[in-house]
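Protein sequence lines, in the order shown, are assigned to chains V and S.
For the first sequence, the working numbering gives the first residue as 8, with consecutive numbering after it.
For the second sequence, the working numbering gives the first residue as 1058, with consecutive numbering after it.
Just so you know, even glycine gets a beta-carbon here, dropped at the ideal spot from N, CA and C.
None of these values were measured; they are calculated from a predicted model.
Take a look at the structure set out below.
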Amino acid sequence: MKLLVCVTQTPETTTTPSFSADNTEFNTAGVNYIMNPYDEWYALVRALELKEAAGGSVSIVNVGPGTNDTVIRKGLAIGADDATRINAEPKSAMYVAKQIAEFAKAGGYDVIFLGKESIDYNGAEVGSMLAEYLDMPFVSFGTKLEMNGNTATINRDIEGGEEVVEVATPFVISAAKGLAEQRIPNMRGIMMAKRKPLNVVEPVAFDDPAVVVSYDLPNAKSAVKMVDPENMDELVRLLHEEAKII
Amino acid sequence: MVLVYAESPKGQFKKAAFEAVTYGKKIGDAMGKPCVALVIGNAENAGQLGVYGASQVVQANGAFENFDSQIFSEVIASVAKQMGAEVVVVNHSSSGKSLLGRIAVKLEAGSVSGVNTMPTLDGGFKVKKNVFSGKAIAQYEIKTPVKVLSLMGNSFPPVASGADVAVQALDITAPAARITVKAVETVDGTVPLPEAELVVSAGRGMKGPENWGIIEDLANVVGATTACSRPVADTGWRPHHEHVGQTGVAIRPNLYFAIGISGAIQHLAGVNSSKVIVVINKDPEAPFFKAADYGVCADLFDVVPRLTEAFKKFKAEN
Ligand SMILES: Cc1cc2nc3c(=O)[nH]c(=O)nc-3n(C[C@H](O)[C@H](O)[C@H](O)COP(=O)(O)OP(=O)(O)OC[C@H]3O[C@@H](n4cnc5c(N)ncnc54)[C@H](O)[C@@H]3O)c2cc1C
Ligand SMILES: Nc1ncnc2c1ncn2[C@@H]1O[C@H](COP(=O)(O)O)[C@@H](O)[C@H]1O
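Here you go:
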């Protein structure tokens, strides 16, 4: 099976975001970048497991500048066979989806994996756009994926529960928690990754249809009001009369 | 005009549909354009969407039992084209999320997912959403003639402003689905987490799954949905769909109880948009107190049953 995993780079989860003085740019200074957890822990690992079970290849694709190569190499160290970076600044979901679609359309991939969402912009948009460009079915938020020949059985998260669906290859899937178990790259993987191909290709021309023009920080919380543990009637009263929430 | 896709899972509208129509109506008013609601498949009394501001309801009748993003997005995009929609609104729900991107590509429209404010229309179409898991807010500008938005739940409470309207049937034959739904399992009786207004959540401070009775009792009395921290779901104390946070479900209820949860940044990322946060923790240094509106510093095994009793008393009196 030919498998493609879309990976993106995001600020590490403990990052406190800050912005330029005019609030138009995210400050990247001092920010540690990681591979988006959904891409690394679940999408990539499940793709590797399928390859280990049935043969084939796992390729990585990223739309991003050269500074993303560290994260891409990590994907190779975890076990992907090769990687392609589409050399462009990702500014909108549709731009990214368009670039990946152009790259993937002649690739003959059986399954294209993405993460459920990127943890920085929390868009959850690229997957359905990519599926639309490629005219493929899209199964979002997969928590379990079993292949039987060309047919996949997938459990997916829905509001307050889960759904089990069947779909034939080729298809696009976004990975949620549960699809696989995180793998830590070992020394051998890290050494081998250095010799694996990381191809760089140029983007196709496409205008960003929607872009971030400014940022804000949420209003700071006022100080916590402590309530006497012996007096829970008081807490209920505050929630009722002051917060007016119950 | 503004086209709103009103979800009707199992033939029933939920609050999300009314929120989306309310939001669509507000945008329509700002633009001086009508708001039209689109229903796909069965829906009990589709005309009631008029109450929330739809001036017209169109309903695609056909065999649309199971949700399939390819088929539903085709219906929504073709209706949007036919009726000349300038803005298309869906919910930021599991189905809405898989529709948004497809509709946007079909209409060559810019999209923003999970919006939670009214767009501004002067000097370009701009709209805000939370980014960095609620740690910041980004304003997007959509530059294309048609705009597609998914609305974050609990951002715009439904407002009844009108009356039932007539429903116009559209005869659309549903194309064959490429995804077959084999089974659906939902937890009955409780409101799903992403939609819940009241949430009682507990963490590792609970010591073990056998102690969750006090959490369930509190949730029952309050009428809340239960949630948990990640290690609790990872060790199988609670089902994984209850896991909230950066790598779990992101929620924004009106009231969030955090019981025996330390308040790690990755946990806060999924819950810090809650309107009111109550923290119960025996450690006065627990980081969660910094993000809380109300705090109780004590042993949860003493406090939670006492709080449940206080709620019972309150409910009996009110
Ligand atoms: C990349 C990444 C992603 C993550 N994503 C998430 C996520 O999405 N969601 C999430 O929750 N976590 C996430 N985590 C984990 C997170 O960092 C914390 O480890 C986790 O939230 C801690 O869970 P907890 O608060 O239940 O447990 P603990 O940190 O062990 O806290 C238990 C708390 O209970 C209190 N306590 C103990 N006994 C009592 C008692 N008798 N009465 C009252 N209080 C008591 C303690 O004082 C303590 O504050 C993530 C971590 C990483 C690295
Ligand atoms: N720049 C990118 N390059 C490659 N894949 C991406 C990129 N951005 C997002 N993705 C993929 O799309 C998924 C969803 O991202 P998003 O729609 O931004 O929330 C991510 O988990 C990745 O798998």
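Within the same chain, and ignoring the five residues on either side of S/K1083 in sequence, the residues whose Cβ sits closer than 7 Å to its Cβ are M1175.
In this structure, V/G156 is the residue among V/I180, V/K112, V/S229 and V/G156 with its C-alpha nearest to the C-alpha of V/M8.
Per DSSP, S/T1365 is one residue of the alpha helix (DSSP H) stretching across L1357 to E1374. It is roughly 34 Å from the alpha-carbon of S/Q1196 to the alpha-carbon of S/G1260. Listed as beta-bridge partners of S/E1122 by DSSP are no residues whatsoever. Residue-level contact by beta carbon fails for V/R80 and chain S, as no gap is shorter than 9 Å. Residue pairing by DSSP puts V/A159 in a beta bridge opposite V/M154 and V/V174.
In this model, S/I1272 and S/M1263 are separated by some 9 Å (Cα to Cα). Annotation: S/R1159 to S/G1107 spans about 27 Å, alpha carbon to alpha carbon. With a cut-off of 8 Å on Cβ pairs, the stretch 1233-1242 of chain S is not in contact with the stretch 1151-1167 of chain S, counting fewer than three such pairs. Here the alpha carbon of V/Y222 sits roughly 23 Å from the alpha carbon of V/V70. Contacts with chain V at 9 Å (Cβ-Cβ) include S/G1305. For V/E170 and V/R92, the gap between their C-alpha atoms comes out near 34 Å.
Nearest CB-CB separation between S/N1118 and chain V: not below the 9 Å threshold. Between ligand 2 and V/Y45, a heavy atom-to-CB distance of less than 8 Å is present. V/A84 is outside the set of residues whose beta carbon lies under 9 Å from a beta carbon in chain S. Secondary structure remark: continuous beta strand (DSSP E) runs of at least 3 residues inside the stretch 200-242 of chain V, in chain order: 205-208 and 217-223. Chain S places a beta carbon closer than 9 Å to that of V/F148, counting this residue as a contact.
Look at S/N1268 here: in three-state DSSP terms it is helix. For V/M101, the enclosing alpha helix (DSSP H) has its first and last residue at A100 to A111. The way I'd put it, the stretch 1310-1320 of chain S does touch the stretch 1346-1365 of chain S; three or more beta-carbon pairs between them come closer than 8 Å. By the rule that beta-carbons nearer than 9 Å mark a contact, V/D164 touches chain S.
Spatial neighbours of V/K232 in its own chain (CB-CB distance under 8 Å, excluding positions within 5 residues in sequence) are listed in chain order as L245. Our two residues, S/I1097 and S/S1065, have alpha carbons roughly 8 Å apart in a direct line. S/L1325 carries a helical assignment under DSSP once its states are collapsed to helix, strand and coil. Interface flag for V/T15 against chain S is unset, since no Cβ pair is found closer than 9 Å. Contact of V/S135 with chain S is assigned, a C-beta pair being separated by under 9 Å. Taking the beta carbon of S/S1258 as reference, no residue of chain V falls within 8 Å; the closest one sits roughly 15 Å away. In chain order, the residues with a C-beta atom nearer than 5 Å to some heavy atom of ligand 1 are V/T20, S/G1260, S/R1261, S/G1262, S/S1286, S/R1287, S/P1288, S/G1302, S/Q1303, S/T1304, S/G1305, S/G1317, S/I1318, S/S1319, S/A1321, S/Q1323, S/H1324, S/N1338, S/K1339, S/D1340, S/A1343, S/D1356 and S/L1357.
Distances from the CA of V/G149 to each of V/A183, V/E56 and V/P72 were compared; the closest alpha carbon is that of V/A183. By the CB criterion at 9 Å, S/M1140 and S/L1206 fall outside the cutoff.
With a 10 Å radius around the Cβ and a threshold of 16 neighbouring Cβ atoms, S/G1302 comes out buried.
Distances from the CA of V/Y140 to each of V/N226, V/D88, V/P192 and V/I107 were compared; the closest alpha carbon is that of V/I107.
Rounded to whole angstroms, the Cβ separation of V/R202 and V/I85 is 15 Å, and the two are not in contact under 8 Å. Placement of the Cβ of S/K1090 at a distance of 8 Å or more from every heavy atom of ligand 2 is found.
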